[in-house]
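Undergrad: Below you'll find the structure I mean.
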Amino acid sequence: MALTDRLALSVLYALPPETAHHAALYALENHLVSTRAAPDDPILRTTVWGIDFPNPIGLAAGFDKDARVPDAMLSLGFGFVEAGTVTPRPQPGNPKPRLFRLDADHAVIDRLGFNSGGIEGFERRLMARRGKPEKHGIVGANVGKNRDTVDAGDDYAEGIERLAGIADYLVVNISSPNTPGLRDLQQRAALDGLLRRAIAARNRGAAMRRPPLLAKVGPDLSPQQMEDIAEVALATGVDGLIIGNTTVARPPDLNSRDRDEAGGLSGAPLFRPSTECLARIYRLTNRRIPLIGCGGVADGATAYAKIRAGASLVQLYSALVFHGPGLVRRIKQQLAELLRADGFTQVSEAVGIDQRSR
Ligand SMILES: Cc1cc2nc3c(=O)[nH]c(=O)nc-3n(C[C@H](O)[C@H](O)[C@H](O)COP(=O)(O)O)c2cc1C
2 MALTDRLALS
12 VLYALPPETA
22 HHAALYALEN
32 HLVSTRAAPD
42 DPILRTTVWG
52 IDFPNPIGLA
62 AGFDKDARVP
72 DAMLSLGFGF
82 VEAGTVTPRP
92 QPGNPKPRLF
102 RLDADHAVID
112 RLGFNSGGIE
122 GFERRLMARR
132 GKPEKHGIVG
142 ANVGKNRDTV
152 DAGDDYAEGI
162 ERLAGIADYL
172 VVNISSPNTP
182 GLRDLQQRAA
192 LDGLLRRAIA
202 ARNRGAAMRR
212 PPLLAKVGPD
222 LSPQQMEDIA
232 EVALATGVDG
242 LIIGNTTVAR
252 PPDLNSRDRD
262 EAGGLSGAPL
272 FRPSTECLAR
282 IYRLTNRRIP
292 LIGCGGVADG
302 ATAYAKIRAG
312 ASLVQLYSAL
322 VFHGPGLVRR
332 IKQQLAELLR
342 ADGFTQVSEA
352 VGIDQRSR
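Position in the sequence shown (from 1) plus 1 gives the number in our numbering.
Below you can see the structure in the form of structure tokens.
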């Protein structure tokens, strides 16, 4: 790790986790972090949904909930950035403290509860970067529902319709554990109805260029739920799935003091269960829709394992907290080496390879 990364991290570690997060956002927003990544190794280029990604490593939702720093994060070297989750109306989220760093476990527990500045500012900021030639990286928008909205479909439809014309892809987040009832939207009938409404909203919002619409699910799904999700995804015509969100499970070997805090667990302990869920859904969807693998990615080997398990693209968040921004460059370098060592000439050749040879 570079000295500047180590220094920045030790300052941030001295702060409570949520304050550290705000400090990092402030620094990025005000160009206090030097962010100019070298061009990507061509082996990392990949095309998914007709979109050319310079590399398959993306920033997962939750870091930039209000779309304040997508371009700063792109210039750290991410191949794409997912902003959100944004809710239609602003809301404060759950009472603090609500974010915990489990240092010994390289994990995070959060129960933020969709703290959001609301869609208005989010939409305005994404709109402002359009048409600026220096701001051409891929930015997705992840939408959710306000806590007190009764018909969740109304909120998703509003978010999707308003952002369809300005986001490169759209995500319906139905898997955050911190909004009561949200994960019930993963049940077969509810999911089918919700995705059909979301697709209709996307089509209304973007008549010319229809951005891909994805659902973010799991990883706490039963085998039956995974089958249902795969079938509904294929039947409704959704363009892809992100697998997945944080887990409410608590592996018995967590060592940190805060391990029993309520909320979603992310980071290293999530790697295995989320990769298993990804592999299973890859088999169930039979290569008919691209999947994004997310959960516990922290180096080239874990990113490569997600790809081999079935991910066309990969996302991460928690590892950034422990390793700092230099992590992105290292992951890409290691991933390129791993692909070459196995004789691949591009990412897509390795997607799902572990499943195909089973
Ligand atoms: C602090 C925090 C906030 C998050 N907020 C969101 C969110 O708003 N929407 C969402 O879809 N996922 C959210 N996530 C989940 C991440 O996008 C990701 O799915 C999960 O953390 C697993 O990836 P990781 O192990 O690389 O962190 C959040 C995660 C963390 C740690």
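Even glycine gets a Cβ: it sits at the ideal position worked out from N, Cα and C.
Taking buried to mean at least 16 other C-beta atoms within 10 Å of its own C-beta, is Thr20 buried or exposed?
TA: exposed
Undergrad: Using a Cβ-Cβ cut-off of 6 Å (strictly less than) and excluding sequence neighbours within five positions of Tyr305, which residues of its own chain qualify?
TA: Leu336, Leu339
Undergrad: Does the count of Cβ pairs from the region 96 to 116 and the region 44 to 59 closer than 8 Å reach three?
TA: no
Undergrad: Measure the alpha-carbon distance for Val348 versus Asp149 and round it to whole angstroms.
TA: 42 Å
Undergrad: Please determine whether the Cβ atom of Val173 lies at a distance below 6 Å from any heavy atom of ligand 1.
TA: no
Undergrad: Write down the C-beta distance between Val140 and Ala84 rounded to the nearest angstrom, noting that I regard them as a contact closer than 8 Å.
TA: 6 Å
Undergrad: Please report the straight-line C-alpha distance between Gly301 and Asp343, rounded to a whole angstrom.
TA: The straight-line gap from Cα to Cα measures roughly 14 Å.
Undergrad: Is it right to say Ala351 is buried, meaning 16 or more other beta carbons lie within 10 angstroms of its own, or is it exposed?
TA: buried
Undergrad: At the level of alpha carbons, what is the spacing between Leu45 and Asn204?
TA: Cα to Cα, the separation comes out at about 31 Å.
Undergrad: Within 10 angstroms of the Cβ of Tyr14, are there 16 or more other Cβ atoms? Answer buried if so, exposed if not.
TA: exposed
Undergrad: Within its chain, find whatever has a CB closer than 8 Å to the CB of Arg130; leave out the 5 residues flanking it on each side and keep chain order.
TA: Pro71, Asp72, Lys136, Val140
Undergrad: Would you say the beta carbon of Tyr318 comes nearer than 6 Å to a heavy atom of ligand 1?
TA: yes
Undergrad: Given a cut-off of 7 Å, decide if Gly241 and Tyr283 are closer than it, judged by their beta-carbon atoms.
TA: Contact flag unset, no.
Undergrad: Could you name the residues of the same chain whose beta carbon sits closer than 6 Å to that of Val249, not counting the 5 residues immediately before and after it, in chain order?
TA: Pro178, Asp221
Undergrad: With DSSP run on the structure shown, which of helix, strand or coil describes Ile167?
TA: Here Ile167 sits in coil by DSSP.
Undergrad: Excluding five sequence neighbours on each side, which residues of the same chain lie with their C-beta closer than 8 Å to the C-beta of Gly265?
TA: Ile110, Asp111, Arg112, Ser177, Pro178, Asn179, Asn246, Thr247, Thr248, Val249
Undergrad: Please say whether Leu171 and Leu214 have beta carbons closer to each other than 7 Å?
TA: yes
Undergrad: Go ahead and pull the three-state DSSP assignment for Ala16.
TA: Inspection of the sequence shows that residue 16 is occupied by Leu rather than by Ala. If DSSP states are grouped into helix, strand and coil, Leu16 belongs with coil.
Undergrad: Within 10 angstroms of the Cβ of Ser76, are there 16 or more other Cβ atoms? Answer buried if so, exposed if not.
TA: buried
Undergrad: What's the gap between the Cα of Ala24 and the Cα of Phe64?
TA: Each residue's Cα considered, the two are about 12 Å apart.
Undergrad: Any contact between the region 285 to 293 and the region 250 to 270? By contact I mean 3 or more CB pairs, one from each, below 8 Å.
TA: no
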